[in-house]
């Protein structure tokens, strides 16, 4: 059955967005990522204009992350305190990132710098997570891995002022740390035009030393607020949110997020990490192909990511 | 004298009446060309997935026909991709193209470049080359044709531009020739008023034209949502967010009750 999308001005088989929503919602509930890096290009592939695809995806992520946050909150896997600090940092970073992109554009090769940074960052994060997870799994004694010796970074972080205890995550950090890291991801997310979940999850694990299951719930909590802001701004300024498409997507993604959360609890932290690393690496390879293979069309609609 | 004057007046009057009758046929004395789109009001509701439009009419035998379906000329802005550093395909700028139709379909009995001369092609904007000559673009020289061809490829991929030869069928009707074509109306074509123009062609020239129009408009829920999204973005955005939050919580509650979250 086909439904007409009033803002996208196109018609779509309802099984397509529901299926996409289900798949990306599953990833969202499982890994705590919004999934925009997958959903937006897939929607464009199915004929949705890029501007509408990006804006509507934010709207459906609101639903998927609400569903996912709720599922993780029910089992005590959301660190609201940490989430709020990261969110505040992310908000400041978003504003700085918007200014940063203006400077990059003024210098000329903004697109080139952004794409290369994006690919490198995805590649490095994915490869590091993959290798580290394999090593952790080989050690098998996960308890020992958790109580690692202090690294130079963690020693430095302990020297910072305004230390506070994050009970849910079982860690103590200066409030400057989540604010700074949130800001860093916010800047990159604004420049690259993506949500930043794939960067936030590894940062929470490797730098903030949070348990993997709490990371997923907390990341979803943060993504929820970011996407509420983006949905409103896109509706208000660009008029590019397609409500009909968002409803079809969220029909799948809300259920997918719940199923993902259930699956996630059955997997160990290392298993979750290695799966996320594989997905990040697959996305990296996909972008590399897009950048190097000749496109069938040399024109695309203006706007979007 | 008065009789002579009256006779002259009657003669002048008769000449005028005769000229009035003869004028429509004075050019080449061709018969009447008609055009009628059977589905001239297409409504876009929630389950719309395109439509079919048939165009039929009467034409003199021996004429070639060209049928053009197009929207009004508009401005289009698109992103251009190109190779950066000789290796990576990236967005390298924008293509601004003005005075081109958003939707353009041409059906003809023969290749239009074989049956029409260039002046006539340009005069009636028939075929992609005529559109290119008429368009205003932010690129020039060799790049102009290259990027216009890319523009046509982009439009054809969206089913908004097409040309075809030989799809018009003919039948004899009371000594005249009736023509007919059935075409798929693309769901990608946005709401607008489209013009159907039929050109009768002989000896390299358009000798007659006839036209009709197709109105495509949104109705019901589709119209309400589109209007709200454009005219009341803030409320539309808030409602979209509330609906998403509600759906997320709703599904969460259902799963919790079914024991999914425990």
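Residue numbers (the numbering used here), protein chains in the order written: chain A, 122 to 426; chain B, 245 to 506. All C-beta atoms, glycine included, are put in the ideal place defined by N, C-alpha and C. Just so you know, these numbers come straight off a predicted model, no measurement behind them.
| said: Does residue 317/B come out as helix, strand or coil in the three-state DSSP assignment? | reply: Reduced to three states, the DSSP call for residue 317/B is strand.
| Whole beta strand (DSSP E) runs in the segment 314 to 384 of chain B with 3 or more residues, listed along the chain? | For the segment 314 to 384 of chain B, the continuous beta strand (DSSP E) assignments of 3+ residues that do not extend past its boundaries occur at 317 to 328, 332 to 345 and 348 to 352, in sequence order.
| message | With a threshold of 9 Å between beta carbons, is residue 360/A in contact with chain B? | response | Chain B has a Cβ within less than 9 Å of the Cβ of residue 360/A.
| message | Beta carbons nearer than 8 Å to chain B: which residues of the segment 126 to 139 of chain A have them? | response | In summary, the residues of the segment 126 to 139 of chain A whose CB is separated from some CB of chain B by less than 8 Å are 127, 128, 130, 131 and 132, in the order they occur in the chain.
| query | So which residues of chain A does residue 293/B contact, with C-beta pairs closer than 8 Å? | reply | Here the neighbours are 123, 125 and 132.
| field | Anticipated Cβ contact below 8 Å, residue 297/B with residue 285/B, distance rounded | value | Contact between residue 297/B and residue 285/B is ruled out by a C-beta separation of about 11 Å, above the 8 Å threshold.
| message | Rounded to whole angstroms, what is the Cα-Cα separation between residue 303/B and residue 376/B? | response | If you take the alpha carbons of residue 303/B and residue 376/B, they lie about 30 Å apart.
| Cβ-based contacts, 8 Å cut-off: residues of the segment 467 to 481 of chain B near chain A | When CB distances to chain A are screened at a threshold of 8 Å, the residues of the segment 467 to 481 of chain B falling below it are 467, 469, 470, 473, 474, 477, 478, 480 and 481, in chain order.
| Looking at the structure shown, is residue 245/B part of a helix, part of a strand, or coil, going by DSSP? | Unreliable placement is indicated for residue 245/B, whose pLDDT of 49 sits below 50; no coordinate value is reported for it.
| Relative to the ligand COA, is the shortest distance from any of its heavy atoms to the C-beta of residue 358/A smaller than 8 Å? | Ligands displayed in this structure: none; no statement on the ligand COA is therefore possible.
| message | Once the 5 residues before and after residue 382/A are set aside, which same chain residues still bring their CB inside 7 Å of it? | response | 150, 189, 192 and 193, listed in sequence order.
| field | Residue environment, residue 344/B, which counts as buried when at least 16 other CB atoms sit within 10 Å | value | Buried is the call here.
| said: With a threshold of 9 Å between beta carbons, is residue 394/A in contact with chain B? | reply: Interface with chain B (9 Å Cβ-Cβ cutoff): residue 394/A is excluded.
| query | Just curious, the beta strand (DSSP E) that residue 451/B is in, first and last residue? | reply | Per DSSP, residue 451/B belongs to the beta strand (DSSP E) from 449 to 462.
| said: So that I know if they touch, is there some Cβ in chain B lying closer than 9 Å to that of residue 342/A? | reply: Interface criterion not met: the Cβ of residue 342/A is under 9 Å from no Cβ in chain B.
| request: Mark residue 178/A as exposed unless 16 or more other C-beta atoms lie within 10 angstroms of its C-beta, in which case mark it buried. | output: Buried, because 16 or more other Cβ atoms sit within 10 Å of the Cβ of residue 178/A.
| task | Can you grab the Cα-Cα spacing for the pair residue 406/A / residue 167/A, in whole Å? | result | When rounded, the separation of the alpha-carbon atoms in residue 406/A and residue 167/A is 21 Å.
| message | Here's the rule I'm using: 16 or more other beta-carbon atoms within 10 Å means buried, otherwise exposed. How should residue 319/B be labelled? | response | Exposed, since its Cβ has fewer than 16 Cβ neighbours within 10 Å.
| task | Let me know the secondary structure DSSP gives residue 263/A once reduced to three states. | result | A caution first: residue 263/A carries a pLDDT of 49, below 50, which makes its placement in the model unreliable, though a value can still be read off. In this structure, residue 263/A counts as helix in the three-state DSSP scheme.
| For residue 182/A, which of 500/B, 498/B, 499/B and 486/B has the nearest alpha-carbon? | In terms of CA proximity to residue 182/A, 486/B leads the group 500/B, 498/B, 499/B and 486/B.
| Mind checking if residue 407/B is an interface residue toward chain A, Cβ cutoff 9 Å exclusive? | No, residue 407/B does not count as interfacial toward chain A.
| message | The alpha helix (DSSP H) that contains residue 151/A, what's its start and end? | response | 136 to 152 is the span of the alpha helix (DSSP H), which, as asked, contains residue 151/A.
| task | May I ask which residues mark the beginning and end of the beta strand (DSSP E) holding residue 298/B? | result | Run containing residue 298/B: 295 to 303, per the beta strand (DSSP E) assignment.
| said: Among 475/B, 419/B and 433/B, whose alpha-carbon lies nearest the alpha-carbon of residue 400/B? | reply: Nearest option by C-alpha distance: 433/B.
| query | How would you list, in chain order, the residues of chain B whose beta-carbon sits under 7 Å from the beta-carbon of residue 419/A? | reply | Going along chain B in sequence order, the residues near residue 419/A (Cβ under 7 Å) are 324, 325 and 394.
| What are the boundary residues of the beta strand (DSSP E) that includes residue 444/B? | First-last of the beta strand (DSSP E) with residue 444/B: 436 to 446.
| task | Under 7 Å Cβ to Cβ from residue 402/B, same chain only, skipping five residues before and after it: list those, please. | result | Excluding positions up to five away in sequence, the list reads 432.
| Cα-Cα separation, residue 435/B to residue 291/B | Separation of residue 435/B and residue 291/B (C-alpha to C-alpha, rounded to the nearest whole angstrom) is 15 Å.
| field | Whole-angstrom C-beta distance between residue 325/A and residue 308/A, which should lie under 8 Å | value | Contact doesn't hold; Cβ gap of about 17 Å is too wide.
| said: Taking a contact to mean a Cβ-Cβ separation below 9 Å, would you say residue 201/A touches residue 395/A in this structure? | reply: The Cβ-Cβ distance between residue 201/A and residue 395/A does not fall below 9 Å.
| field | For residue 170/A and residue 365/A, believed in contact at Cβ under 8 Å, the rounded distance | value | About 14 Å separates the beta carbons of residue 365/A and residue 170/A, which is beyond the 8 Å limit, so they are not a contact pair.
| Burial state of residue 371/A, where buried means 16 or more other Cβ atoms lie within 10 Å | Buried, because 16 or more other Cβ atoms sit within 10 Å of the Cβ of residue 371/A.
| Residue burial classification, residue 259/A (beta-carbon count within 10 angstroms, cutoff 16) | Its Cβ having fewer than 16 others within 10 Å, residue 259/A is exposed.
| query | Can you tell me whether DSSP reads residue 416/B as helix, strand or coil? | reply | Strand.
| Pick from 285/A, 122/A, 187/A and 125/A that is closest to residue 153/A, judged by C-alpha positions | Residue 153/A has its Cα closest to that of 187/A, out of 285/A, 122/A, 187/A and 125/A.
| field | First and last residue of the uninterrupted alpha helix (DSSP H) at residue 285/B | value | Careful: residue 285/B lies outside any alpha helix (DSSP H), inside the beta strand (DSSP E) at 285 to 288.
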